[in-house]
Amino acid sequence: MEQYTQHTSAEHSPVARLDLGAAPQPLKELAAQGLSVWLDDLNRPMIREGRLAELVRSGGVVGVTTNPSIFAKALSEAADYDEQVRQLAAEGVDVDEAVFRLTTTDVAEACDLLRPVWEATDGQDGRVSIEVDPRLAADTAGTVEMAQRLWDTIDRPNLLIKIPATVQGLPAITEVISRGISVNVTLIFSLDRYRGVMNAYLTGLEQAREKGVDLAPIHSVASFFVSRVDSEVDARLEAIGTDEARALRSRAGLANARLAYQAFDEVFSTPRWATLADDGANLQRPLWASTSVKDESLPDTLYVTGLVAPNTVNTMPTATLEATADHGEVTGDTVQGTYAESAAVLDGLEAQGISYLDVVETLETEGVKKFADAWDGLLASVQEQLDKAKG
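Each number in the numbering used here comes from the position in the sequence shown (counting from 1) with 110 added on.
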């Protein structure tokens, strides 16, 4: 029980002890509850023109996440990449190598910018995430190889390598963790898969310990997606069309995430975890991803203020961050104590004929495809730029 008390108390979270200076009050209140605010966006102008530094200095941002869609948008819109593209074209590199170098350059610079936060929070925050090629989602060995290459190339202690939580991704997570590489596990939709992710992390730590690897520098977050669950479920509820079905609209995302936190409580209260913690291991914190509302009728801070709990991360797109800073109402912990109500929501969906298993499997398949499609678009855009640079 002592271990449980420690990890679910905000006062033990380094982010709660950070001096956030001029950060907006709602973001300070989130930090006081033990929730770390990360920005789900990154591009070269943001880094080099000082906008990211300003968000860190006075905006309450203590980490950054990226994904293929973010990189695709950045590289297609910003002229800041032109010089490096010309250099790469002159070297005659292929498009995959060009994308690798362009994206790792941005992430390395962002890691350097956030290094002081990493130092102030004992390595918990100040993190920047970069994803393995999403086309490798079903390739365990390929994922491990690329994760190692990204880790070695960027060579920053505050880096996180994003690995999708596919069936093939789980053993990759274990192997990468066992090598001492910090991981952001992404595209988690189901409670069962989330338990598999936590087991993969603990197994990786155990293997690292057996190899003599220091556990203290290894960090991980588990990115549990929220709003996409509501988008999928709500469409099915509307198709049913009854009052009982509509009464469940926009409740599944929060319920699912809150039950994930319950699972986190359980796993990181076990003797297995306590033994690893005694050897210097760090919690694998839940990270709430996909936190922008897709239904404009919903409050724009719903997936922030509804998921406040100790030792969590919320990664927000710029618009969600700005909305939270402007009018987010933080009322304390909104997760612990909600488990019975959350389970009732999922039970209610099953009673309406909506299969939880089918929903989460659909979302994972779509999520992998969306990221792979974005990566293909990124490759096409960079190839066009390389061809143009070659004249």
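We put the CB at the ideal spot given by N, CA and C, even for glycine.
What is the rounded straight-line gap between the Cα of residue i and the Cα of residue j?
i, j, result
"Ala453", "Thr276", "24 Å"
"Pro267", "Ser300", "30 Å"
"Thr214", "Val238", "11 Å"
"Leu488", "Ala189", "15 Å"
"Thr475", "Met256", "21 Å"
"Leu325", "Val293", "13 Å"
"Gly390", "Ser400", "31 Å"
"Tyr114", "Val414", "Any reading at Tyr114 needs caution, since the residue's pLDDT is 42, under 50, leaving its predicted position unreliable; the model's value is listed next. Computed Cα separation, rounded: 24 Å."
"Asp483", "Ala332", "23 Å"
"Arg196", "Val295", "34 Å"
"Asp340", "Ala362", "6 Å"
"Thr284", "Ala318", "9 Å"
"Glu494", "Gly236", "34 Å"
"Lys272", "Glu241", "4 Å"
"Arg303", "Leu312", "14 Å"
"Val147", "Gly438", "13 Å"
"Met111", "Arg382", "Confidence at Met111 is low in this model, with a pLDDT of 32, below 50, so the placement of that residue is unreliable and no value is reported for it."
"Pro134", "Val166", "12 Å"
"Glu201", "Ala220", "25 Å"
"Glu432", "Thr411", "10 Å"
Can you check DSSP and say which residues form a bridge with residue i?
i, result
"Phe335", "Ala399"
"Leu270", "Ser239"
"Thr425", "Trp148"
"Ser341", "Its beta-bridge partners do not exist; DSSP assigns none."
"Ser330", "Val293 and Gln394"
Cβ of residue i within 9 Å of Cβ of residue j?
i, j, result
"Leu140", "Val418", "yes"
"Gly477", "Pro178", "no"
"Pro396", "Phe374", "yes"
"Val403", "Thr430", "yes"
"His329", "Gly233", "yes"
"Gly170", "Thr425", "no"
"Leu456", "Asn366", "yes"
"Arg338", "Leu473", "yes"
"Leu198", "Thr176", "no"
"Pro327", "Gly290", "yes"
"Ser491", "Leu185", "yes"
Grab the span of the alpha helix (DSSP H) containing residue i for me, first residue to last.
i, result
"Pro178", "Pro178 to Glu187"
"Asn366", "Ala362 to Val377"
"Gly252", "Thr250 to Ile264"
"Gly314", "Leu301 to Lys321"
"Pro155", "Arg154 to Arg158"
So does residue i have its beta carbon nearer than 8 Å to some heavy atom of the ligand NAP?
i, result
"Ala208", "Among the components modelled here there is no ligand, and therefore nothing to report on the ligand NAP."
At which residues does the beta strand (DSSP E) containing residue i begin and terminate?
i, result
"Gly416", "Neither: Gly416 is in no beta strand (DSSP E) and is coded neither H nor E."
"Thr296", "Val293 to Ile298"
"Thr175", "Gly173 to Thr175"
Can you find a CB in chain B that lies within less than 9 Å of the CB of residue i?
i, result
"Arg211", "No chain B is part of this structure, which consists of one protein chain only."
### Message
Does the structure place the stretch 247-261 close enough to the stretch 272-290 that three or more beta carbon pairs sit under 8 Å?
### Response
Judged by Cβ distances under 8 Å, the stretch 272-290 makes contact with the stretch 247-261, as three or more pairs qualify.
### Task
Spell out a yes or no on whether the stretch 186-206 and the stretch 219-230 are touching, meaning 3 or more CB-CB pairs, one atom from each, closer than 8 Å.
With fewer than three CB-CB distances shorter than 8 Å, the stretch 186-206 does not count as touching the stretch 219-230.
### Message
For the pair the stretch 443-462 and the stretch 306-319, tell me if three or more CB-CB distances fall below 8 Å.
### Response
Taking a cut-off of 8 Å on C-beta distances, the stretch 443-462 does not touch the stretch 306-319, as fewer than three cross pairs fall below it.
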